[in-house]
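Residues 1342 to 1515 (this note's numbering) make up the sequence shown, in order. By construction, the Cβ of each residue, glycine as well, lies at the ideal position given by its N, Cα and C atoms. Since this is a predicted model, take the numbers as computed values, not measurements.
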Amino acid sequence: MARIRKFVAYRKLERPYTRVSKYKEKSFVRANPNIRVVAFETGTPQKKFKYTLKLVSKDALQIRDNALESAKQTSNRLLEKSIGISAYHLKIKPYPHHILRENPIAAGAGADRFSTGMQKSFGKPIGAAAQVKKGQTIFQVSVNKANVGLAKTALTMASKKLPCSYTIQMIENK
1342 MARIRKFVAY
1352 RKLERPYTRV
1362 SKYKEKSFVR
1372 ANPNIRVVAF
1382 ETGTPQKKFK
1392 YTLKLVSKDA
1402 LQIRDNALES
1412 AKQTSNRLLE
1422 KSIGISAYHL
1432 KIKPYPHHIL
1442 RENPIAAGAG
1452 ADRFSTGMQK
1462 SFGKPIGAAA
1472 QVKKGQTIFQ
1482 VSVNKANVGL
1492 AKTALTMASK
1502 KLPCSYTIQM
1512 IENK
């Protein structure tokens, strides 16, 4: 069974591999993988809330798109079940532009016959990742004063699904 390679191999920031165009000759990335984040905003974006809580990165790294989606689903489920969809606004800030590549290495009996090794080792696109700098906001939740504790819990749960460590900042909206 084919499995996803551990993300430790891709965590460090590298030169972005992103050039995708609707014109084939202008597109450097030949196969553009689908982004797994379904919706970048949930809740009620039109409503104004008293407090905004932010999940901020402590390091510069790359975050895979399925990790962002998993973290969003976890925090969104908690907020939706506890306070309802009209009492919060959750937003994912970074967009996974960077295309990840993998040079598949064959293993097993007879693998040396059809494996090219490090010749032609550029790799094929396998997924997408967001490149995040130190101090950049990953998730943003807007709530009223009564739900600040729950929003903190939701962001803490989301941070456990993501690589690296994060801080939660609270801002009072005027």
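For residue i, the first and last residue of its enclosing alpha helix (DSSP H)
i	result
Thr1304	The structure shown has nothing for residue 1304, since the chain only spans 1342 to 1515.
Ala1452	Ala1452 to Phe1455
Gln1414	Asp1406 to Ile1424
CB-CB length for residue i against residue j, believed under 8 Å
i	j	result
Ser1427	Leu1491	14 Å between Cβ atoms; not a contact.
Leu1402	Arg1356	Between Arg1356 and Leu1402 the Cβ distance is about 15 Å, and since that is not below 8 Å, they are no contact.
Tyr1567	Val1370	The chain is shown only over 1342 to 1515; residue 1567 falls outside these bounds and no answer can be derived.
Near the ligand SAH: residue i beta-carbon under 8 Å from a heavy atom
i	result
Lys1486	No copy of the ligand SAH occurs in the structure displayed, which carries no ligand at all.
Candidates the options, of which the one nearest residue i by Cα
i	options	result
Leu1354	Pro1386, Val1370 and Asp1400	Asp1400
Arg1405	Ile1376, Ser1483 and Leu1420	Ile1376
Lys1413	Glu1513, Met1511 and Met1498	Met1498
Thr1478	Arg1454, Asn1373, Pro1466 and Thr1508	Thr1508
Lys1363	Ala1372, Arg1356 and Pro1357	Ala1372
Lys1474	Cys1505, Leu1441 and Val1370	Cys1505
Ala1487	Lys1347, Lys1391, Lys1365 and Tyr1351	Lys1391
Pro1437	Arg1344, Lys1515, Asn1514 and Val1361	Val1361
Asn1514	Lys1388, Gly1476 and Ser1462	Lys1388
Asn1444	Ile1467, Met1511 and Leu1419	Ile1467
Residue i - containing beta strand (DSSP E), residue span
i	result
Glu1513	Tyr1507 to Glu1513
Arg1430	Checking the sequence, you will find His at residue 1430 rather than Arg. Where His1430 is concerned, the enclosing beta strand (DSSP E) stretches over His1430 to Ile1433.
Thr1393	Tyr1392 to Ser1398
Pro1466	Lys1465 to Val1473
Arg1442	His1439 to Glu1443
Val1311	Because residue 1311 is not part of the residues shown, which for the chain are 1342 to 1515, the question remains open.
Min CB distance residue i to chain D below 9 Å
i	result
Arg1352	This model lacks chain D altogether; it includes just one protein chain.
* Length at least 3, wholly inside the region 1363–1389: the beta strand (DSSP E) runs in chain order -> Here the runs fully enclosed are 1382–1384.
* Should the region 1430–1439 be called in touch with the region 1377–1384, which here means at least 3 C-beta pairs below 8 Å? -> At 8 Å Cβ cutoff, the stretches touch.
* State whether the region 1473–1491 contacts the region 1391–1400, with contact taken as three or more CB pairs (one from each stretch) at a distance under 8 Å. => The region 1473–1491 makes contact with the region 1391–1400: 3 or more CB pairs, one atom from each, lie closer than 8 Å.
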